[in-house]
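Student:
If you want it as structure tokens, here you go:
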């Protein structure tokens with residue numbers, strides 16, 4: 012949930028409109044991550060931490076950075092236990108004997124990475140063996156071998172014609188041919204609709220987006236690239252990259268159906 016402390020004109024209140032009625036709402040258990048420390052002063056210093064029960068006070072729609080509608084939520088803590096970041100909460104954690112739990116083999120403070128190449132793997136192998144010290148037979152199935160994909164001369168010619176994406180195609184073709192379809196799909200997925208780009212527009216910053224998706228973004232008066240925030244300018248021409256479109260249609264003949 013995105014927490015905000017400021018109301019806006021577009022606020023849509025919950026059914027409980029009184030100042031105290033929010034406490035009657037459904038409980039929401041909040042877990043905070045240290046990865047969000049740069050966004051919240053309440054984030055833990057490491058790992059994940061359970062922060063107690065919160066209730067929804069209000070929520071409202073707002074225009075996001077990419078021009079699309081997002082919902083923001085204002086939550087308020089409603090837990091009898093003291094908040095874990097307060098002095099009372101820290102003392103309570105000590106009383107309960109709460110400690111950070113690390114995965115097996117993990118060494119805090121970055122030592123984990125330093126010791127990966129210094130016998131750590133050998134130790135795990137010895138521990139996994141039986142009384143004789145030999146490794147136990149693995150139950151893992153052998154990895155499935157993907158069949159090689161034949162890339163026709165026509166596809167290669169169409170790829171060569173798409174000069175705007177020559178670097179991307181070079182990276183794709185450097186992979187084994189068995190990965191051709193998956194890497195092509197991953198590389199040319201529109202970041203807005205998360206589907207293979209349709210009527211693709213290649214931006215000056217070398218990103219590919221559906222023409223329709225980019226038009227909706229511009230209609231919302233957002234004139235930057237949704238991938239990297241490069242300023243495209245209000246007068247940017249959304250010309251379809253016919254070269255890229257031709258390659259995708261040849262490789263995925265039915266992907267435009269219904270679009």
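In my numbering, the protein residues as written are 12 to 270.
For each residue, glycine too, the CB sits at the ideal point set by N, CA and C.
Given that a residue counts as buried once 16 or more other Cβ atoms are within 10 Å of its Cβ, and exposed if not, what is residue 69?
Tutor: With 16 or more other Cβ atoms within 10 Å, it is buried.
Student: Taking all protein chains shown into account, do 16 or more other C-beta atoms lie within 10 angstroms of the C-beta of residue 50, making it buried, or fewer, making it exposed?
Tutor: By the 10 Å Cβ count, residue 50 comes out exposed.
Student: Apart from the five residues on each side of it in sequence, which residues of its chain come closer than 6 Å, Cβ to Cβ, to residue 4?
Tutor: For the chain, the structure presents residues 12 to 270; residue 4 sits outside this window and is missing.
Student: For residue 39, does the three-state DSSP call read helix, strand or coil?
Tutor: Note: residue 39 maps to strand in three-state DSSP.
Student: Whole angstroms are fine: how far does the CA of residue 107 sit from the CA of residue 186?
Tutor: Distance between the alpha carbons of residue 186 and residue 107: 53 Å.
Student: For residue 82, name the three-state secondary structure that DSSP assigns.
Tutor: Note: residue 82 maps to strand in three-state DSSP.
Student: Tell me the residue span of the beta strand (DSSP E) that contains residue 208.
Tutor: Residue 208 -> no beta strand (DSSP E), and no H or E assigned at all.
Student: Does the pairing of the segment 240 to 250 with the segment 212 to 229 give three or more beta-carbon distances under 8 Å?
Tutor: Touching, yes, given that three or more Cβ pairs across the two stretches are closer than 8 Å.
Student: Please classify residue 60 as buried or exposed, where buried requires at least 16 neighbouring CB atoms within 10 angstroms.
Tutor: The residue is buried, with at least 16 neighbouring Cβ atoms inside 10 Å.
Student: Using the Cβ count rule (16 or more neighbours within 10 Å means buried), how would you classify residue 260?
Tutor: Classification of residue 260: exposed, given that the 10 Å Cβ count is below 16.
Student: Which of the three DSSP states is assigned to residue 262 in this structure?
Tutor: Helix, per DSSP.
Student: Can you tell me whether residue 224 is helix, strand or coil according to DSSP?
Tutor: Looking at residue 224 - three-state DSSP - the assignment turns out to be helix.
Student: Going by DSSP in three states, residue 71 sits in which element: helix, strand or coil?
Tutor: Strand, per DSSP.
Student: I think residue 104 touches residue 95, with their Cβ atoms under 8 Å apart; what is that distance to the nearest whole Å?
Tutor: About 6 Å; that satisfies the 8 Å criterion.
Student: Mapping DSSP to helix, strand and coil, what is residue 146?
Tutor: For residue 146, the predicted model reports a pLDDT of 46, less than 50, meaning its position is unreliable and no value from the coordinates is stated.
Student: Once you ignore the five residues that flank residue 18 on each side, which residues in its own chain have a CB closer than 6 Å to its CB?
Tutor: Note on residue 18: pLDDT 34, under 50, position unreliable in the model; the coordinate value appears next. Closer than 6 Å at the Cβ level, and outside the excluded window around residue 18, lies no residue.
Student: Only counting runs of 4 or more residues, tell me where the alpha helix (DSSP H) segments fall wholly within the segment 163 to 209, in order along the chain.
Tutor: Entirely contained in the segment 163 to 209, the alpha helix (DSSP H) runs reaching 4 residues are, in chain order, 164 to 172, 177 to 184 and 191 to 198.
Student: How many Å lie between residue 73 and residue 184 at the Cα?
Tutor: Approximately 42 Å between the Cα atoms of the pair.
Student: Kindly identify the DSSP beta-bridge partner or partners of residue 254.
Tutor: Its beta-bridge partners do not exist; DSSP assigns none.
Student: In three-state terms, what does DSSP make of residue 4?
Tutor: The shown model of the chain, from 12 to 270, leaves out residue 4, and the question about it has no answer.
Student: Could you pull out every residue in the same chain whose Cβ sits closer than 8 Å to the Cβ of residue 37, ignoring the five residues on either side in sequence?
Tutor: Only 66 and 67 meet the Cβ criterion.
Student: Identify the continuous alpha helix (DSSP H) that holds residue 101 and give its terminal residues.
Tutor: Note, residue 101: alpha helix (DSSP H), 98 to 107.
Student: So, helix, strand or coil for residue 235, using DSSP?
Tutor: Of the three classes helix, strand and coil, the one that applies to residue 235 here is strand, per DSSP.
Student: If you count every other CB in all the chains shown that lies within 10 Å of the CB of residue 235, and 16 or more means buried, which is it?
Tutor: It is buried - the Cβ of residue 235 has at least 16 other Cβ atoms within 10 Å.
Student: Check each candidate in 75, 198 and 231 and name the one with the smallest Cα separation from residue 220.
Tutor: The candidate whose alpha carbon is nearest that of residue 220 is 198.
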